[in-house]
Every structure is written in structure tokens, then in C-alpha cells.
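Scroll down for the structure; my scribbles are underneath it.
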Amino acid sequence: MSPMTSASKPSSSSASSLTKPVSGEKADRVFRAVAYACGILILVVLAAVALFLLFRAWPLIGGDQRTNGEVIANFTGGRATNFWGYVGPLLFGTVLVAALALVIAFFVSIGIALFISHYAPKRLAAALSYIVDILAAIPSVIYGLWGGLVLVPAIYPFWNWVAEHLGWIPLFAGPAANPPRTVATVALVLAIMILPIITSITRDIFLQTPKLLEEAALGLGATKWEMIRLSVLPFARSGIVSASMLGLGRALGETMAVLMILSPGLKYSFHLLQASQNQTIAANIAAQYPEADSIGVSVLIGTGLVLFVITFLVNLLARRITEKASK
Amino acid sequence: MMAQPQSSPKADKAPAIDFDKFNPTRSYTAARKRKDVAMRALIILAFVVALIPLVSVLWTTLVHGARRLNWDFLSHNMTNVIGGNQTPSGGYGGILHAIVGTLEITLGAMVISIPIGVMCAVYLIEYAGGSKLARTIHLLVDVMSGIPSIVAGLFAYSMFAILVGPGTLSGFEGSVALSLLMIPTVVKTTEEMLKIVPNDLREASLALGVTKQRTITKVVLRTALSGIVSGSILAIARVIGETAPLLMTAGYIVSTNANLFSGEMTTLPVYVYQEYSKYHANCPADAGSGCVTGIPMERAWSAALVLIVIVLILNLIGRIVAKVFAPKKK
Numbered sequence: 001m002s003p004m005t006s007a008s009k010p011s012s013s014s015a016s017s018l019t020k021p022v023s024g025e026k027a028d029r030v031f032r033a034v035a036y037a038c039g040i041l042i043l044v045v046l047a048a049v050a051l052f053l054l055f056r057a058w059p060l061i062g063g064d065q066r067t068n069g070e071v072i073a074n075f076t077g078g079r080a081t082n083f084w085g086y087v088g089p090l091l092f093g094t095v096l097v098a099a100l101a102l103v104i105a106f107f108v109s110i111g112i113a114l115f116i117s118h119y120a121p122k123r124l125a126a127a128l129s130y131i132v133d134i135l136a137a138i139p140s141v142i143y144g145l146w147g148g149l150v151l152v153p154a155i156y157p158f159w160n161w162v163a164e165h166l167g168w169i170p171l172f173a174g175p176a177a178n179p180p181r182t183v184a185t186v187a188l189v190l191a192i193m194i195l196p197i198i199t200s201i202t203r204d205i206f207l208q209t210p211k212l213l214e215e216a217a218l219g220l221g222a223t224k225w226e227m228i229r230l231s232v233l234p235f236a237r238s239g240i241v242s243a244s245m246l247g248l249g250r251a252l253g254e255t256m257a258v259l260m261i262l263s264p265g266l267k268y269s270f271h272l273l274q275a276s277q278n279q280t281i282a283a284n285i286a287a288q289y290p291e292a293d294s295i296g297v298s299v300l301i302g303t304g305l306v307l308f309v310i311t312f313l314v315n316l317l318a319r320r321i322t323e324k325a326s327k
Numbered sequence: 001m002m003a004q005p006q007s008s009p010k011a012d013k014a015p016a017i018d019f020d021k022f023n024p025t026r027s028y029t030a031a032r033k034r035k036d037v038a039m040r041a042l043i044i045l046a047f048v049v050a051l052i053p054l055v056s057v058l059w060t061t062l063v064h065g066a067r068r069l070n071w072d073f074l075s076h077n078m079t080n081v082i083g084g085n086q087t088p089s090g091g092y093g094g095i096l097h098a099i100v101g102t103l104e105i106t107l108g109a110m111v112i113s114i115p116i117g118v119m120c121a122v123y124l125i126e127y128a129g130g131s132k133l134a135r136t137i138h139l140l141v142d143v144m145s146g147i148p149s150i151v152a153g154l155f156a157y158s159m160f161a162i163l164v165g166p167g168t169l170s171g172f173e174g175s176v177a178l179s180l181l182m183i184p185t186v187v188k189t190t191e192e193m194l195k196i197v198p199n200d201l202r203e204a205s206l207a208l209g210v211t212k213q214r215t216i217t218k219v220v221l222r223t224a225l226s227g228i229v230s231g232s233i234l235a236i237a238r239v240i241g242e243t244a245p246l247l248m249t250a251g252y253i254v255s256t257n258a259n260l261f262s263g264e265m266t267t268l269p270v271y272v273y274q275e276y277s278k279y280h281a282n283c284p285a286d287a288g289s290g291c292v293t294g295i296p297m298e299r300a301w302s303a304a305l306v307l308i309v310i311v312l313i314l315n316l317i318g319r320i321v322a323k324v325f326a327p328k329k330k
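In order, the protein sequence lines correspond to chains L and C. So the first sequence is numbered by full-length UniProt numbering: it starts at 1 and just counts up by one. So the second sequence is numbered by full-length UniProt numbering: it starts at 1 and just counts up by one.
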């Protein structure tokens with residue numbers, strides 16, 4: 001059948017058509033090179049992000065410190081004159097808002113994930129997963145719009161109640177701002193935004209719990225909750241941790257919802273219910289950017305670099321945890 | 001309560017165990033049951049709580065957005081809009097320029113990121129195997145998907161400022177920023193799809209003497225096509241709603257700009273934000289009832305509604321493609 005066996009030395013014309021098939025090795029090599037290049041490109045792009053930002057923020061480090069100080073003083077109303085004095089409160093605000101959002105979202109999303117994976121009937125569960133995905137698909141600007149125009153007026157009575165009855169806790173010290181364009185409201189909106197991320201990851205891991213473990217627990221007479229506590233949650237622990245880290249990373253970098261809701265301030269303050277206390281890095285960049293001059297942009301890009309490094313580390317840690325767990 | 005269990009005379013060496021000691025008391029069983037019911041209630045409550053914002057967001061957007069959403073709104077841009085006055089066409093300005101901008105910028109991001117993302121996944125699955133470099137890249141792709149969108153915007157802005165000239169704003173710059181956010185999603189979904197292409201197919205093709213490149217393009221990628229398409233659509237749905245990076249790369253204008261490579265461009269999310277930050281429109285004292293002071297907010301809601309509809313439709317298409325054309329598992 002094969003032409004190679006039929007003749008040991010075929011004529012030159014047929015040999016060329018056989019040993020050199022149409023567009024063979026060359027295309028193969030080009031394709032391979034392109035694939036390798038695209039793989040390497042990921043490394044290059046990530047390095048480029050850091051390098052370009054560093055390059056653009058360079059006047060902050062290598063430039064005239066007095067002009068830098070003036071620009072920063074201009075941004076802060078004279079409260080800070082060097083970069084770290086400027087980025088400190090912003091960083092504090094970013095971490096505060098993100099951590100609060102995580103605290104709120106954590107229990108709710110684990111509850112939803114458990115509901116989808118272990119409580120809801122099968123057909124309902126598929127529909128519920130889809131609903132959670134819709135939550136993830138809604139653009140952040142719409143959450144901002146909704147938060148600013150619907151949630152802010154609607155939630156004031158609640159925060160007011162909290163300030164009156166729980167005001168002895170320094171965190172909730174009153175009086176509650178009206179309109180409540182405060183850290184507490186923003187954290188609530190961010191919690192809604194990171195909810196689907198945490199839910200979808202933890203749900204997938206809950207579903208992977210070995211059936212034998214679950215049935216063993218049930219067979220020993222455990223109630224459903226005991227079964228979950230004894231078999232599902234320990235199995236999913238690292239997954240839960242990494243999902244929360246990913247949610248945290250998302251909350252750290254969220255811009256629009258914060259920008260559209262929060263009344264900004266530059267303090268190291270834990271007064272969640274009062275306005276003009278904190279601001280986040282991302283929202284600050286978007287807010288100051290349109291009016292900033294060249295050095296002002298450098299300062300903002302410097303703060304962006306800080307944000308990049310932090311989210312990078314949080315995400316790296318999260319992925320490391322997942323990788324270790326999956327081995 | 002009870003006496004010792006009766007020990008038969010034959011096995012009196014066996015220790016006498018008070019088995020009743022291990023019987024759970026009734027209150028203990030009840031407590032366990034109560035806890036079970038309480039946790040069940042909490043878990044269901046968590047779900048209901050999460051539904052409230054979703055329903056509220058969708059409902060308010062629909063109700064507020066439908067008020068000003070008409071053909072005039074979709075077919076005009078924001079030129080000739082003065083305060084809260086009516087424009088000559090009888091409307092109050094519109095989002096034509098934003099729709100054009102959104103489509104072009106997203107298309108630009110697609111053209112950049114889908115080929116790169118697919119080829120990167122091909123490298124990771126087909127060529128690299130489990131090499132150290134591949135594992136690093138895999139990890140970094142994951143990390144890259146967590147980059148804040150505003151950092152992507154700053155990156156594109158800095159890159160164009162250095163390579164093209166300071167202060168450059170163009171739609172393409174926005175595309176670059178968005179593709180940074182889109183590539184990781186495309187890589188990850190493509191990777192997942194390539195993993196489930198059966199190895200038999202590859203081996204059959206290679207055994208026939210087909211080159212590796214042809215095996216990949218004609219057999220592997222074709223088998224995985226539906227997953228790649230649906231993954232890409234979902235990635236588009238994610239970046240189409242991005243605001244922050246476009247704020248600083250694509251700028252904001254009121255007229256329609258169809259040139260992706262020069263001049264500022266408006267996209268729908270940026271439009272929503274800009275209208276939101278206007279808060280009120282001015283109406284002169286002698287203006288008639290045609291002048292609406294709250295028009296910026298109404299425009300913001302309507303644009304938000306259009307955006308949500310686009311995103312949800314894209315999501316739906318992505319899911320349908322994934323389901324209908326999914327490779328059959330044996």
C-alpha cells in the first residue's frame with residue numbers, strides 16, 4: 001500500500017513529492033515558534049506592566065523631591081509632603097474596605113455554595129449557579145450607580161440604628177453620616193461584587209468532596225450539618241482560603257463602585273459610619289487623574305504600582321495555596 | 001437507670017460494659033437536631049440575602065432605564081445637548097457614540113487577545129508538557145487574572161506615553177488595556193478545553209503522518225472550538241463593562257468618533273459614569289416643561305440598561321454555544 005515499500009529507490013520526481021509534503025516542516029516550525037512566543041509573551045507582559053509603571057513613576061524617586069512634595073501637598077491639602085505619607089492612608093483605606101467586604105462576603109458566599117452543592121435539589125442547583133454567575137457578570141459601574149442612587153438612601157435608617165445602638169463599639173461610633181457615603185456602605189457593595197467569585201470557587205470544591213467521606217459520616221449517624229462540618233469543610237479548607245484571597249484581591253483593586261459611592265478622606269480612621277474618613281488607591285487614581293499634571297500623574301502611577309504589587313502578592317499566595325492543595 | 005447488662009455465664013471473662021452509657025441522652029439528640037435545623041435555615045437565609053441585591057440591581061436598572069430608552073436615545077450622540085433642554089430631534093441626547101466606541105474598543109481587544117490567548121494555551125498544553133517554564137507561566141496567568149483593572153489602564157497609558165508620546169488618548173489604547181484583562185480568561189478557558197480533547201485523536205492524527213501543526217489546527221483546536229468560542233464570549237462580556245481603564249486611556253467625548261487609532265472615544269460604562277458624575281443639568285428659569293434637570297441620571301440609567309442587556313445576551317450566547325456544541329463525552 002505505502003509508496004515507500006513498493007520501490008526502494010523511486011524516481012526523483014516522485015521522491016520530492018513524497019519526502020517533502022505540502023507545507024510540512026516549515027509551517028510546523030513557525031507554528032511552534034509562535035506558540036512558544038505567546039507563552040513567553042505572558043512573562044514579558046507582566047514584566048512590562050511593572051517596568052512601564054516604574055519608568056513612568058520614576059520622577060517620584062529620581063526627580064526633584066521639592067516639586068514632588070508640592071504636588072502631593074496639593075493633592076492632600078497640605079496634609080502630606082512625601083510619597084509614603086500620601087500612600088499610607090490610601091493603603092490603609094484600601095485594605096480596610098477590602099477586608100470588611102471579605103468579612104461580609106465570606107460567610108454569605110460559603111452559605112450559598114453549601115446551599116447549591118448540598119441542600120438545593122439538583123435541577124434548582126443548576127439554575128442557582130447561573131444566577132450567581134449573573135451577579136458576577138454585572139459591570140462594576142452598574143453596581144456603583146445602584147449603590148450611589150439606590151442603596152445609599154435606602155440604607156441610612158439601618159446605619160443610623162447601628163450607630164445608635166452599637167455606637168459604644170468604636171467601629172460604629174456615630175453619628176451616622178447622611179447620606180451614608182461611607183466605608184460601611186462601600187464595603188457592602190464590594191461584598192456583593194466579590195460574592196460570586198468566592199461562591200463559584202468554593203462551590204466547585206464542595207462538589208468535589210469524596211462521596212465516600214460524606215456517606216461515612218452520614219452512616220455513623222451524623223446530621224447533615226455534622227456531615228458538612230466533619231467531611232466537606234475540612235476537605236475544602238484550602239480551597240476556601242484561596243477563594244477568599246482571590247475575592248480579597250478583587251476587592252483591593254475595585255475602582256468604580258468605590259469612586260461612585262465613597263465620600264473620600266485621608267485619615268487612618270476606623271469610623272465606618274462617618275463620611276470623609278478613608279479613600280482607596282484605585283478610586284483615588286481615577287478621581288485625581290483628570291486634573292493631575294505630569295508629576296501628579298507620576299505620583300498616581302506610583303500609588304498604582306503599590307496596588308499592583310499588593311494584589312500580585314495576594315493572588316500569588318492564593319494560587320500557591322490552591323496548587324499545594326491540589327498536589 | 002438500668003442494671004448491669006446480663007452477662008451470660010459462658011462468657012463471664014468478657015468485661016461487663018455499660019452500653020447504656022453510650023446512648024445519647026434525649027436532650028443531646030435534640031440539640032444536635034436543633035443545630036442541624038438552625039444551620040439549614042442560616043444557609044438558606046444566606047442565599048435569600050444574596051438574591052436581594054441581584055434582584056434590586058436588575059429591577060431598578062430596568063425600571064429607571066426604560067424611562068428614557070427609545071430609538072432617539074440609541075441613534076444620537078451628545079452633541080447639541082445643552083443643559084436639560086431638548087435637542088432639535090426631540091430627545092435628550094443619546095449613546096450612539098458610546099455604542100460605537102464600545103464595539104470598536106472591544107473588537108480591538110478581541111483581535112489582540114484571542115489569538116495570543118489561544119496560542120499561549122496551545123503552548124502550555126501541546127508543546128510545553130509539564131516543564132518548569134510552563135508551570136511558571138500557568139501560575140502567572142492565574143495571577144494576571146487578578147490584576148486590578150485600573151492598573152491595566154495605567155499600564156496602557158504609560159506604555160503609550162513612552163512609545164507614542166505623552167498624553168496620547170485613543171480607542172486602541174483602551175483595547176490594549178482591556179486585552180491585558182482578557183488574555184488570562186481566554187488562556188484559562190482554552191487550556192481547560194484542550195485538556196479534555198481525547199489523546200486518541202492526537203495520536204491517530206500523528207500516526208497518519210500529519211505534522212504537529214496540522215494536528216493542532218485541524219484536529220485539536222477544531223474539537224475544542226465550541227469551548228474556545230464560548231470562553232472568549234464570556235471574556236468579552238467581562239471586559240465590555242470595564243470602566244476604570246478606559247477612563248484614562250480612551251478619554252471621553254460627546255461626538256461620534258469611529259477611528260479606533262486616533263482621537264478620544266466614549267464607551268458605554270464611561271458614559272454611565274460621566275452622566276452619573278454630572279448629577280444635575282441646568283435649566284434656565286424661562287425653560288418650559290421640556291427641560292429636565294434630572295436628565296443626566298436618567299441617561300445614566302438608560303445607558304446602564306443597554307449595557308446590562310448587552311452583557312447578559314453575551315453571557316447567554318456563550319453558555320448556549322458551550323452547551324450545544326460541547327464535545328460528546330464517552
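The beta carbon of each residue, even a glycine, is placed where N, CA and C say it ideally should be. Source: prediction; values computed, not measured.
Item: By the criterion of Cβ-Cβ separation under 9 Å, what are the contact partners of Arg250 (chain L) in chain C?; Value: Gly146, Pro148
Item: Looking only at its chain, what residues have a beta carbon closer than 7 Å to the beta carbon of Asp200 (chain C), apart from the 5 residues adjacent to it on each side?; Value: none
Item: Closer than 8 Å, CB to CB, is Ala46 (chain C) near chain L or not?; Value: yes
Item: So that I know if they touch, is there some Cβ in chain L lying closer than 8 Å to that of Ser175 (chain C)?; Value: no
Item: Would you please state the rounded distance, in angstroms, between the beta carbons of Ala300 (chain C) and Ser170 (chain C)? I believe it to be under 8 Å.; Value: In fact, because the Cβ distance is near 25 Å, the residues do not count as touching under 8 Å.
Item: Does the CB of Arg319 (chain L) have a neighbour CB from chain C at under 8 Å?; Value: yes
Item: By the 9 Å beta-carbon criterion, what residues does the region 55 to 69 of chain C contribute toward chain L?; Value: Ser56, Val57, Leu58, Thr60, Thr61, His64
Item: Verify the CB distance criterion: does Phe155 (chain C) have a CB-CB separation below 8 Å to chain L?; Value: yes
Item: If you draw a straight line from the C-alpha of Leu230 (chain L) to the C-alpha of Trp84 (chain L), how long is it?; Value: 47 Å
Item: Suppose the cutoff is 7 Å on Cβ atoms and the five residues either side in sequence are ignored; what does the same chain contact list for Ile95 (chain C) look like?; Value: Phe73, Leu74, Leu268, Tyr271, Ala303, Val306
Item: If you follow the alpha helix (DSSP H) that Pro296 (chain C) is in, where does it begin and where does it stop?; Value: 295 to 324
Item: Just the C-alpha distance for Ile197 (chain L) and Ala98 (chain C), rounded to the nearest angstrom, thanks.; Value: 29 Å
Item: To the nearest angstrom, report how far apart Ala50 (chain C) and Ala285 (chain C) are at their CA atoms.; Value: 45 Å
Item: Should the region 203 to 217 of chain L be called in touch with the region 160 to 175 of chain L, which here means at least 3 C-beta pairs below 8 Å?; Value: no
Item: So, with DSSP's three-state summary, where would you put Thr322 (chain L)?; Value: helix
Item: Taking 8 Å as the CB-CB cut-off, is Gly227 (chain C) touching chain L?; Value: no
Item: In chain order, which continuous runs of the alpha helix (DSSP H) of length 4 or greater are located wholly inside the region 187 to 223 of chain C?; Value: 199 to 207
Item: Taking Cβ-Cβ distances below 7 Å as the criterion, which residues of the region 10 to 24 of chain C are in contact with chain L?; Value: none
Item: Between which two residues does the alpha helix (DSSP H) carrying Ser200 (chain L) extend?; Value: 183 to 207
Item: So what does DSSP say about Met78 (chain C), is it helix, strand or coil?; Value: coil
Item: Could you check the C-alpha separation between Ala244 (chain C) and Val297 (chain L) for me, to the nearest Å?; Value: 15 Å
Item: With 7 Å as the limit, tell me which residues of the region 203 to 214 of chain C have their beta carbon closer than that to any beta carbon of chain L; keep them in chain order.; Value: Thr211, Lys212, Gln213
Item: Name the residue from C:Gln86, C:Val118, C:Ser255 whose alpha carbon lies nearest to the alpha carbon of Val34 (chain L).; Value: C:Val118
Item: With a Cβ-Cβ cutoff of 8 Å, do Thr280 (chain L) and Val97 (chain L) count as a contact?; Value: yes
Item: With three or more beta-carbon pairs closer than 8 Å as the criterion, would you say the region 152 to 167 of chain L touches the region 184 to 194 of chain L?; Value: yes
Item: Please report the residue range of the alpha helix (DSSP H) in which Lys21 (chain C) lies.; Value: It is not in any alpha helix (DSSP H) - Lys21 (chain C) carries neither H nor E in the DSSP assignment.
Item: Let me know if Val197 (chain C) comes out buried or exposed under the rule of 16 or more other beta-carbons within 10 Å of its beta-carbon.; Value: buried
Item: What's the call for Asp142 (chain C), buried or exposed, on a 16-neighbour Cβ count within 10 Å?; Value: buried
Item: Along chain L, which residues have their Cβ under 8 Å away from the Cβ of Lys278 (chain C)?; Value: Those within 8 Å of Lys278 (chain C) in chain L number zero; the least Cβ separation is about 12 Å.
Item: At the 8 Å Cβ level, is Glu226 (chain L) part of the contact set with chain C, yes or no?; Value: yes
Item: Grab the span of the alpha helix (DSSP H) containing Ser129 (chain L) for me, first residue to last.; Value: 122 to 137
Item: If distances are taken between C-alpha atoms only, which option among C:Leu45, C:Ala224, C:Phe160, C:Gly209 comes closest to residue 342 (chain C)?; Value: No information on residue 342 (chain C) is available, as it lies outside the stretch 1 to 330 that chain C covers here.
Item: Hey, does Leu316 (chain L) have any beta-carbon neighbour from chain C nearer than 8 Å?; Value: yes
Item: Any beta-carbon of chain C closer than 8 Å to the one on Asp64 (chain L)?; Value: no
Item: Quick check: what's the CA-CA separation for Met297 (chain C) versus Thr168 (chain C)?; Value: 30 Å
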